[in-house]
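**Student:**
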Amino acid sequence: MANKVIAILGASGGIGATMVELLAVRDDVDQIHATSFSSTPPVLSNKQDSRAERCDIRWTTLDATDEVAIREWVGGIGQVDWLINCVGMLHDEAHGPEKTIRHFDPGHFQRSMALNCLPTLLLGKYALPALKRSPAGVFATVSAKVGSITDNRLGGWYSYRAAKAALNMSLKCLSIEWARNARNLRVVALHPGTTDSNLSKPFQQNVPEGKLFSTAKTAGLLIQQIEQLQNQPSGRFIAYDGEEIPW
Ligand SMILES: NC(=O)c1ccc[n+]([C@@H]2O[C@H](COP(=O)([O-])OP(=O)(O)OC[C@H]3O[C@@H](n4cnc5c(N)ncnc54)[C@H](OP(=O)(O)O)[C@@H]3O)[C@@H](O)[C@H]2O)c1
């Protein structure tokens with residue numbers, strides 16, 4: 001089998017950047033297309049590794065909520081084996097996740113939808129030609145367990161939960177549509193577990209001992225899950241350890 005070409009959206013974030021680092025040193029990966037938005041592309045901590053030097057990493061700055069930017073990026077990268085979307089947002093300077101509906105803010109809700117759900121729909125609209133010829137294609141988005149409607153026992157976090165639930169539904173629809181015309185392709189929603197990144201920083205104090213993962217642990221486990229997808233049906237929601245999460 002030919003070596004892989006991988007595209008990672010949100011590759012400047014905690015999880016996305018570490019995925020690039022881990023994938024760049026693999027002998028079976030030739031090229032990585034990586035995107036950032038407001039951050040400058042991270043310098044790989046393992047860039048001196050000769051295997052990382054061999055990998056052709058191409059960075060693009062793009063706004064993942066911009067349809068034209070997504071269309072041009074996906075249209076320009078050629079054939080891809082894995083497309084992994086790591087873009088997401090839980091809080092910004094002005095808003096955190098809502099403890100009660102009284103804290104709900106329409107602007108924050110719309111931004112959460114725009115960053116947690118919309119990019120996957122835009123990728124879905126334009127990425128099929130890039131993925132269709134891969135012998136073992138993957139269309140993955142990092143979601144969150146709190147987006148599971150069945151699993152929701154605590155409530156709160158309205159905007160983030162709703163946006164990840166909408167993301168999950170979008171992925172499920174894509175898996176059904178593509179099962180008809182791209183049987184090589186596996187569509188998956190991934191739960192990373194609580195991971196030490198900017199996104200989780202303000203919420204780390206209540207995480208139980210041993211439950212806050214390094215980005216290296218999370219990225220490594222998610223890549224392992226992606227590798228095992230070809231033997232599984234498309235359209236699943238799985239955690240870093242392979243646990244099947246109810247939608
Ligand atoms: N960390 C956790 O504990 C945790 C738990 C559950 C789920 N998740 C999910 O995992 C995914 C990755 O999270 P993370 O922890 O790596 O977060 P992060 O470090 O905050 O990274 C977020 C990424 O999204 C990008 N981004 C933000 N706005 C964008 C835009 N308009 N266009 C393009 N890219 C944009 C950022 O790019 P710039 O920095 O360049 O702007 C960055 O690469 C998210 O979907 C998150 O919801 C994380």
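All letters in the sequence shown, in the order written, are residues 1 to 247 by this note's numbering. Here a beta-carbon is modelled for each residue, glycine too, at the ideal position from N, C-alpha and C. Owing to the predicted nature of the structure, the values given are computational and were not obtained by experimental measurement.
Going by CA-CA distance only, name the one from Ala189, Leu118 and Trp157 that's closest to Lys99.
**Tutor:** Checked all of Ala189, Leu118 and Trp157; the closest Cα to Lys99 is Trp157.
**Student:** Pull up the distance between the alpha-carbon of Arg58 and that of Asp66, whole angstroms please.
**Tutor:** Rounded to whole angstroms, Arg58 to Asp66 spans 20 Å at the Cα level.
**Student:** Identify whether Arg133 lies in helix, strand or coil by the three-state DSSP scheme.
**Tutor:** DSSP places Arg133 in coil when its eight states are reduced to three.
**Student:** Return the chain-ordered ranges of every beta strand (DSSP E) run that is complete within the region 73-132 and spans a minimum of 3 residues.
**Tutor:** Taking only runs of at least 3 residues, the beta strand (DSSP E) segments lying wholly in the region 73-132 are 82-85.
**Student:** Between the Cα of Pro42 and those of Arg54, Arg153, Gly96 and Gly14, spot the shortest distance and give me the residue it belongs to.
**Tutor:** Of Arg54, Arg153, Gly96 and Gly14, the residue nearest in Cα terms is Gly14.
**Student:** Does the Cβ of Leu44 have 16 or more other Cβ atoms within 10 Å, making it buried, or fewer, making it exposed?
**Tutor:** Its Cβ being crowded by 16 or more others within 10 Å, Leu44 is buried.
**Student:** Measure from the alpha carbon of Asp81 to the alpha carbon of each residue in Gln205, Gly137 and Gln228, then state which is nearest.
**Tutor:** Checking every option, the nearest Cα to that of Asp81 belongs to Gly137.
**Student:** Going by DSSP, which residues form a beta bridge with Thr18?
**Tutor:** DSSP output for Thr18 lists no bridge partner at all.
**Student:** Once DSSP output is grouped into helix, strand and coil, what is the label at Arg51?
**Tutor:** Here Arg51 sits in helix by DSSP.
**Student:** Could you check if Val187 is buried or exposed, using at least 16 other CB atoms within 10 Å of its CB as the buried criterion?
**Tutor:** Per the 10 Å Cβ criterion, buried.
**Student:** Along the chain, where does the alpha helix (DSSP H) that runs through Lys172 open and close?
**Tutor:** Lys172 -> alpha helix (DSSP H) spans Tyr158 to Asn181.
**Student:** Tell me whether Pro208 counts as near ligand 1, meaning its Cβ is closer than 8 Å to at least one heavy atom of that ligand.
**Tutor:** Not under cutoff, so the answer is no.
**Student:** So does Asp63 have its beta carbon nearer than 8 Å to some heavy atom of ligand 1?
**Tutor:** Yes - ligand 1 has a heavy atom lying nearer than 8 Å to the Cβ of Asp63.
**Student:** Secondary structure at Gln224, three-state DSSP: helix, strand or coil?
**Tutor:** In this structure, Gln224 counts as helix in the three-state DSSP scheme.
**Student:** Is Gln204 buried or exposed, if buried means 16 or more other CB atoms sit within 10 Å of its CB?
**Tutor:** Its Cβ having fewer than 16 others within 10 Å, Gln204 is exposed.
**Student:** Could you check if Arg51 is buried or exposed, using at least 16 other CB atoms within 10 Å of its CB as the buried criterion?
**Tutor:** Arg51 should be labelled exposed.
**Student:** Ends of the beta strand (DSSP E) at Trp247?
**Tutor:** No beta strand (DSSP E) holds Trp247; DSSP gives it neither H nor E.
**Student:** So, Ser36 versus Thr60, is the Cβ gap smaller than 9 Å?
**Tutor:** The answer is yes: Cβ separation under 9 Å.
**Student:** Gly235 and Ser148 - do their beta-carbons sit closer together than 9 Å?
**Tutor:** No, the pair does not count as a contact, with Cβ atoms beyond the cut-off.
**Student:** According to DSSP, what are the bridge partners of Ser36?
**Tutor:** For Ser36, which the question treats as bridged, DSSP gives the partners Thr61.
**Student:** Would you decide whether Lys145 is buried or exposed? Buried here means 16 or more other CB atoms lie within 10 Å of its CB.
**Tutor:** Looking at its Cβ environment, which holds 16 or more other Cβ atoms inside 10 Å, Lys145 is buried.
**Student:** In whole angstroms, what separates the C-alpha of Val68 from that of Glu243?
**Tutor:** Val68 and Glu243: Cα-Cα distance of roughly 36 Å.
**Student:** So for Thr69, helix, strand or coil by DSSP?
**Tutor:** In the sequence on display, residue 69 carries Ala and not Thr. Note: Ala69 maps to helix in three-state DSSP.
**Student:** From Ala64 to Leu123, what distance separates their C-alpha atoms?
**Tutor:** Ala64 and Leu123: Cα-Cα distance of roughly 9 Å.
**Student:** Is the region 158-169 touching the region 93-110 in the sense that three or more CB pairs, one from each, lie closer than 8 Å?
**Tutor:** Short answer: they touch.
**Student:** Cβ of Leu265 within 9 Å of Cβ of Leu185?
**Tutor:** Outside the shown range of the chain (1 to 247) lies residue 265, about which nothing can therefore be said.
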